[in-house]
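K.L.:
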Amino acid sequence: MLNEKTLNIKLKLKRKEDIKIIDFEYIKRFENERPMALDVLLQAQETSLDDIAFRYGCRARNCGVCTIDVNDKPRLACRARVKEGDTLSPIATLPVVKDFIVKRDGIARQMQGYNNISLKNDLNIEADSAYHNLTACIECYACLDGCPLHKKNNLEVKDNNNAYSFGNPFSFLKLQRLYIDPLTPESEKLKIIEKAKNLGLETYRREYKDLKIKCGVGINLKDEVIKPLLVVAFGDDFEKKNK
Ligand code: FES
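For what it's worth, this note's numbering labels the leading residue of the sequence shown as 1, then goes sequentially.
1) At 3 residues or longer, what runs of the beta strand (DSSP E) sit wholly inside the segment 142-171?
2) So what's residue 225 in DSSP terms, helix, strand or just coil?
3) When you compare each of 188, 92, 193 to residue 228 by their alpha carbons, which one comes out closest?
4) How many whole angstroms separate the CB atoms of residue 11 and residue 44, which I take to be in contact at a CB cut-off of 8 Å?
5) So what does DSSP say about residue 67, is it helix, strand or coil?
6) Checking the sheet assignment: what are the DSSP bridge partners for residue 23?
7) Which same chain residues end up closer than 8 Å to residue 243 when comparing Cβ atoms and leaving out the 5 residues on each side of it in sequence?
8) For chain B, is any of its Cβ atoms less than 9 Å away from the one on residue 102?
9) Give me the Cβ distance between residue 167 and residue 112, rounded to the nearest whole Å; I'm assuming they're in contact under 8 Å.
10) In whole angstroms, give me the CA-to-CA distance for residue 179 and residue 129.
11) Measuring alpha carbon to alpha carbon, tell me which of 36, 41, 176 ends up nearest residue 61.
12) Starting from residue 40 and walking both ways along the alpha helix (DSSP H), at which residues does that stretch end?
13) Could you check the C-alpha separation between residue 14 and residue 183 for me, to the nearest Å?
14) Does the distance from the C-beta atom of residue 169 to that of residue 134 stay below 9 Å?
15) Mind checking who residue 73 pairs with in its DSSP beta bridge?
16) Under the DSSP definition of a beta bridge, which residues are partnered with residue 89?
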């Protein structure tokens with residue numbers, strides 16, 4: 001019978017080349033508590049594992065830095081409830097620095113040289129809802145999971161910028177958002193599409209139908225990011241294809 005006062009959670013930790021699985025007994029703070037994964041990590045740190053490494057910021061689904069895998073699927077640790085027997089591990093799609101900390105810069109660096117394209121000094125211009133939907137992204141990187149393109153990156157080997165060569169739904173979201181940003185000059189749009197092509201957008205063209213990319217905060221990445229980019233970059237006509 002399950003102990004009603006505790007939960008057994010497996011913590012899969014990676015330190016250097018070693019992988020260690022620790023059975024942690026979470027002590028419930030009140031009857032029927034269903035703690036978040038972050039509660040478990042915080043209690044582990046307070047009690048038996050004071051050197052365990054993990055990241056968190058807002059604790060409210062706003063900053064995206066707390067993403068870990070729960071039973072091998074990416075989840076925001078501050079919002080993912082855990083149950084008896086669950087396994088927590090670092091996200092599998094990025095290299096691990098220590099325990100639950102992963103190296104995130106290879107993704108951010110893909111946008112080097114593109115962050116200042118839009119003219120950020122005219123805030124009176126209204127953007128439409130497609131743009132605003134994309135601003136909900138919190139950069140949690142849950143979308144890397146299952147991405148056929150990101151899989152092609154050798155996670156330890158980067159190009160000269162230390163950026164991954166192949167893109168991912170997040171980097172394409174940034175490009176699409178830039179493309180439809182009313183503050184982006186028309187003269188820069190071709191450059192944005194070329195960048196999307198250089199990051200391997202064409203792969204999605206072949207796999208679009210079966211693409212199963214999931215966003216940590218519910219953005220429809222397939223239809224709101226990948227599809228419009230494919231339409232502009234390759235003139236794909238999805239309406240026709242679906243007939
Ligand atoms: S701590 Fe900010 S999203 Fe989880």
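Glycine included, C-beta positions come from ideal geometry on N, C-alpha and C. All figures in this text were calculated on a predicted structure; none of them were measured in a lab.
P.N.:
Judging by the given coordinates:
1) none
2) Along the sequence shown, one-based indexing puts residue 225 at 225. Helix.
3) Locating residue 228 in the sequence shown gives position 228, counting from the first residue. Selected option, being the one with the closest Cα: 193.
4) Indexing the sequence shown from 1 puts residue 11 at position 11. Indexing the sequence shown from 1 puts residue 44 at position 44. Correct: roughly 7 Å between the Cβ atoms.
5) As a position in the sequence shown, residue 67 is number 67, starting the count at 1. Strand.
6) Within the sequence shown, residue 23 is the residue found at index 23, counting from 1. DSSP, once it has assigned bridges, lists 10 as partnering residue 23.
7) Taking the sequence shown and counting its residues from 1, one reaches residue 243 at position 243. In this prediction, residue 243 has a pLDDT of 49, which is less than 50 and means its spatial position is unreliable; what the coordinates show is noted afterwards. There are no such residues.
8) No chain B is part of this structure, which consists of one protein chain only.
9) Counting from one through the sequence shown, the residue named residue 167 turns up at place 167. Counting from one through the sequence shown, the residue named residue 112 turns up at place 112. The Cβ separation is near 13 Å, so there is no contact.
10) Here residue 179 refers to the residue found at position 179 of the sequence shown. Here residue 129 refers to the residue found at position 129 of the sequence shown. Cα to Cα, the separation comes out at about 14 Å.
11) If you number the sequence shown from 1, residue 61 lands on position 61. Nearest option by C-alpha distance: 36.
12) Taking the first residue of the sequence shown as position 1, residue 40 is located at position 40. From DSSP, the alpha helix (DSSP H) with residue 40 extends over 37-46.
13) Position 14 of the sequence shown holds residue 14. Position 183 of the sequence shown holds residue 183. Straight-line Cα distance between these residues: approximately 43 Å.
14) For the purposes of this step, residue 169 is taken as the residue at position 169 of the sequence shown. For the purposes of this step, residue 134 is taken as the residue at position 134 of the sequence shown. No, Cβ-Cβ distance for residue 169 and residue 134 is not below 9 Å.
15) Locating residue 73 in the sequence shown gives position 73, where the first residue counts as 1. Per DSSP, 70.
16) Taking the first residue of the sequence shown as 1, we reach residue 89 at position 89. BP columns for residue 89 point to 69.
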